[in-house]
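To start, the structure under review is shown below, and the notes come after it.
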Amino acid sequence: MPEVAKIISGVSHGDPRSIGRAISIVENHEPAAHAILASLDPEKIEACLVVGITGPPGAGKSTLTSQLIKEYRRLKKRIGVVAVDPSSPLSGGALLGDRVRMMGHALDKDVVVRSMATRGRLGGVCGSAGAAVRIMAQSGCEVVLIETVGVGQSEMDIVRMADLTAMVLAPGLGDDIQAMKAGLLEVADILVINKSDLRGADALVLDMESVARQRQERLGRATKVCSTIASQGEGVAALIQRVNEVHKVFEENGEISQRRLQARRYEVIDWAVELIRPQIEACINKDEEFHGDPMLLAKDLLAGLGIRSNN
Amino acid sequence: MSKKYRVLIGKPGLDGHDRGAKVIAQALRDQGFEVIYTGIRRSPAEIAAAAVQEDVAAVGLSSLSGAHLRLFPAVVEELAKAGASDIAVVGGGVIPEEDIEALKEAGVREIFTPGATLEEVMNAFRDACQKNSR
Chain A
53 MPEVAKIISG VSHGDPRSIG RAISIVENHE PAAHAILASL DPEKIEACLV
103 VGITGPPGAG KSTLTSQLIK EYRRLKKRIG VVAVDPSSPL SGGALLGDRV
153 RMMGHALDKD VVVRSMATRG RLGGVCGSAG AAVRIMAQSG CEVVLIETVG
203 VGQSEMDIVR MADLTAMVLA PGLGDDIQAM KAGLLEVADI LVINKSDLRG
253 ADALVLDMES VARQRQERLG RATKVCSTIA SQGEGVAALI QRVNEVHKVF
303 EENGEISQRR LQARRYEVID WAVELIRPQI EACINKDEEF HGDPMLLAKD
353 LLAGLGIRSN N
Chain B
114 MSKKYRVLIG KPGLDGHDRG AKVIAQALRD QGFEVIYTGI RRSPAEIAAA
164 AVQEDVAAVG LSSLSGAHLR LFPAVVEELA KAGASDIAVV GGGVIPEEDI
214 EALKEAGVRE IFTPGATLEE VMNAFRDACQ KNSR
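Those protein sequence lines, which keep their order, are chains A and B. Residue 53 is where the first sequence starts when you use our numbering, and the numbers rise one by one after that. Residue 114 is where the second sequence starts when you use our numbering, and the numbers rise one by one after that.
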């Protein structure tokens, strides 16, 4: 059997090696990516629940994710995790440490974990993370968690791919939370106050409940608040119940299909830009002088590639 | 570096001395590698399973406890069992000169002992990744 066919069949059978290879092939835009992505079963992808886990650094996202894995496994669900961390803008490298908290599940064949670096691209990572989610779904995962730090545009874009998103907060991180209020609280469907045994947790819960009420009035969409102590697994079962409740509401009112459509559109744009980038870069590198206004140059460049821009 | 090299750094066995592993992980990141770090006290099977899931080109193992003769080859074996013999294993730590031969025979590609420069270690990883052109 040729290599690609083996990988495709391996993914469907849940073979860890094949799943790992398939995600790399897509992430690196290797030629075999086409065949792999074309082989995915839309029904399996449709059936997979995608939950975003976000929040400021140090809130306990990875620890909570690990506990969610444990609880989902207790419920006999095969589960995937895509853990996204930023690449260094200087070296392009990345230190991906989310696994440290999840190693307890390393030998469980029904837990698929993939660490992913943003690779400092303007977009791109959304496409790669989306593909990883679908490959995991193809391998039989019923739930996939996308974990990413809740700062920065690219991270927010990743979270927007999820069916629903839990925002993890913890007492004592006040400044980060202030900074994020405008942006990330908007995308949260569930507000998780983690480390709820620490001082300041009660005040944070009250704060977030008021945020939730305001959102309810403004958007007519319920935001749930729940407390956890992830390090001890407390509140995790209740959190999954909340996830299921929100999921049910979103399925009934069409929110899920709306979001999936939006995410799909967004991902197509992401991939289109990503796939054309090498050609654009080649054009730019060809012309050493590169005088003139950047926008006009960009229009010329696109015209040279046969793409007419409107304005 | 145009193609991104993914590597995994792990500490097998009951050994909490992770300074060395962290220095190597950070140096690799600064050289443009994507480094998955597993943390301390992992079993060889756990490290191999993580390496397979993450589809890394190479695994770096650190040991300062004296159990390298048992733990490093065990990771090589676990990778082979998972059909991932192509993933290179590189080791480092407090390792006596006379053990190096045995480790290499067991399939560990390179061994670094105290005094090795970061550059030598980086080159070994880069070399391992380049050879692993899947």
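No residue lacks a Cβ here, since even glycine has one placed at the ideal position from N, Cα and C.
Boundaries of the alpha helix (DSSP H) in which residue i is found, first to last residue
i	result
Tyr150 (chain B)	Here Tyr150 (chain B) belongs to no alpha helix (DSSP H); instead the beta strand (DSSP E) covers Glu147 to Tyr150.
Ser274 (chain B)	In the structure as shown, chain B starts at 114 and stops at 247, and residue 274 (chain B) therefore has no counterpart that could be examined.
Val185 (chain A)	Val177 to Gln190
Cys242 (chain B)	Leu231 to Lys244
Met213 (chain A)	Taken as a continuous stretch (DSSP letters only), Met213 (chain A) belongs to no alpha helix (DSSP H), as it is neither H nor E.
Val136 (chain B)	Arg132 to Asp143
Leu89 (chain A)	Ala85 to Ala90
Glu210 (chain B)	Glu210 to Glu218
Three-state secondary structure (DSSP) of residue i
i	result
Glu223 (chain B)	strand
Gly287 (chain A)	coil
Glu199 (chain A)	strand
Cys335 (chain A)	helix
Leu184 (chain B)	helix
Asp199 (chain B)	coil
Gly107 (chain A)	strand
Ile122 (chain B)	strand
Arg312 (chain A)	helix
Lys129 (chain A)	coil
Ala231 (chain A)	With a pLDDT of 48 at Ala231 (chain A), under the threshold of 50, the predicted position of this residue should be treated as unreliable, though the coordinate-derived value follows. Ala231 (chain A) falls in the helix class under three-state DSSP.
Gly170 (chain B)	The question names Gly, yet the displayed sequence has Ala at residue 170 (chain B). Three-state DSSP puts Ala170 (chain B) in coil, outside helix and strand.
Gln119 (chain A)	helix
Arg69 (chain A)	helix
Ser167 (chain A)	strand
Lys161 (chain A)	coil
Arg155 (chain B)	strand
Ile60 (chain A)	helix
Met219 (chain A)	strand
Asp352 (chain A)	helix
Leu357 (chain A)	coil
Leu254 (chain B)	The structure shown has nothing for residue 254 (chain B), since chain B only spans 114 to 247.
Gly156 (chain A)	helix
Leu101 (chain A)	strand
His343 (chain A)	coil
Ala240 (chain A)	coil
Asp254 (chain A)	helix
Asp7 (chain A)	Residue 7 (chain A) falls outside the range modelled here, since chain A spans only 53 to 363, and no answer is possible.
Reference residue i; option with closest CA among the options
i	options	result
Ala334 (chain A)	A:Leu353, A:Glu319 and A:Lys58	A:Leu353
Ser139 (chain A)	A:Leu291, A:Val177 and A:Leu327	A:Val177
Arg154 (chain B)	B:Glu223, B:Gln166 and B:Ser175	B:Ser175
Ser283 (chain A)	A:Gly272, A:Asn246 and A:His81	A:Asn246
Val207 (chain B)	B:Ala164, B:Val221, B:Gly196 and B:Ala229	B:Ala229
Thr115 (chain A)	A:Ile210, A:Asp150, A:Val136 and A:Leu225	A:Asp150
Gly126 (chain B)	B:Glu159, B:Lys117 and B:Gly133	B:Glu159
Ile149 (chain B)	B:Ile122, B:Arg222 and B:Gly179	B:Ile122
Val203 (chain B)	B:Arg222, B:Gln243, B:Pro227 and B:Glu218	B:Arg222
Ala193 (chain B)	B:Cys242, B:Pro227, B:Gln243 and B:Ala162	B:Ala162
Val277 (chain A)	A:Glu286, A:Ala264, A:Arg270 and A:Gly285	A:Ala264
Glu79 (chain A)	A:Leu327, A:Ile242, A:Arg360 and A:Val201	A:Leu327
Ala195 (chain A)	A:Trp323, A:Thr106, A:Arg73 and A:Leu120	Per the sequence shown, residue 195 (chain A) should be read as Val rather than Ala. Of the listed residues, the one whose Cα sits closest to Val195 (chain A) is A:Leu120.
Val63 (chain A)	A:Leu127, A:Thr106, A:Gly132 and A:Gly110	A:Gly132
Ser143 (chain A)	A:Thr170, A:Ile281 and A:Ser180	A:Thr170
Ala171 (chain B)	B:Leu182, B:Ala197, B:Gly152 and B:Ala180	B:Ala197
Arg251 (chain A)	A:Val239, A:Ala240 and A:Gly224	A:Gly224
Val295 (chain A)	A:Leu313, A:Asp249, A:Glu340 and A:Val244	A:Val244
Thr275 (chain A)	A:Arg125, A:Ser309, A:Ala289 and A:Ala240	A:Ala240
Partner residues on chain A for residue i, Cβ-Cβ distance less than 7 Å
i	result
Glu191 (chain B)	Those within 7 Å of Glu191 (chain B) in chain A number zero; the least Cβ separation is about 10 Å.
Glu159 (chain B)	Met155, Ala158 and Leu159
Thr151 (chain B)	Arg151, Val152 and Met155
Contact set between residue i and chain A, taken where Cβ atoms lie within less than 9 Å
i	result
Val148 (chain B)	Gly145, Ala146, Leu147, Leu148 and Gly149
Ala138 (chain B)	Leu147 and Gly149
Residue interval of the beta strand (DSSP E) (run including residue i)
i	result
Lys247 (chain A)	Where Lys247 (chain A) is concerned, there is no enclosing beta strand (DSSP E), given that its DSSP letter is neither H nor E.
Leu147 (chain A)	Ala146 to Leu148
Lys116 (chain B)	Counting along the chain, Lys116 (chain B) falls outside any beta strand (DSSP E), and DSSP gives it neither H nor E.
Ser279 (chain A)	Lys276 to Ser279
Interface residues of chain B facing residue i [CB-CB closer than 9 Å]
i	result
Arg166 (chain A)	Gln166, Glu167 and Asp168
Arg69 (chain A)	Val165, Gln166, Asp168, Ala195, Gly196 and Ala197
Arg171 (chain A)	Lys117 and Glu147
Partners in chain A for residue i, counting only beta-carbon separations shorter than 8 Å
i	result
Arg155 (chain B)	Met155 and Ala158
Asp240 (chain B)	Here the premise fails: no neighbours, minimum Cβ distance about 17 Å.
Closer than 7 Å at the beta carbon, the chain B residues around residue i
i	result
Asn337 (chain A)	Those within 7 Å of Asn337 (chain A) in chain B number zero; the least Cβ separation is about 13 Å.
Chain B residues whose Cβ lies nearer than 8 Å to that of residue i
i	result
Ser191 (chain A)	Neighbours of Ser191 (chain A) on chain B: none; closest Cβ ~11 Å, over 8 Å.
Fill in: Three-pair Cβ contact test at 8 Å for the stretch 100-112 of chain A versus the stretch 156-172 of chain A
no
Discussion item. With three or more C-beta pairs closer than 8 Å as the rule, is the stretch 138-154 of chain B touching the stretch 234-246 of chain B?
Written reply: yes
Item to complete: Answer yes if the stretch 115-134 of chain B comes into contact with the stretch 340-356 of chain A, meaning at least three C-beta pairs across the two stretches below 8 Å, and no otherwise.
Response: no
Worksheet item: Would you call the stretch 177-186 of chain B and the stretch 80-98 of chain A touching, i.e. three or more CB-CB distances under 8 Å?
Response: no
Discussion item. Can you confirm whether the stretch 57-73 of chain A touches the stretch 164-178 of chain B when touching is taken to mean that 3 or more C-beta pairs between the two stretches lie within less than 8 Å?
Written reply: yes
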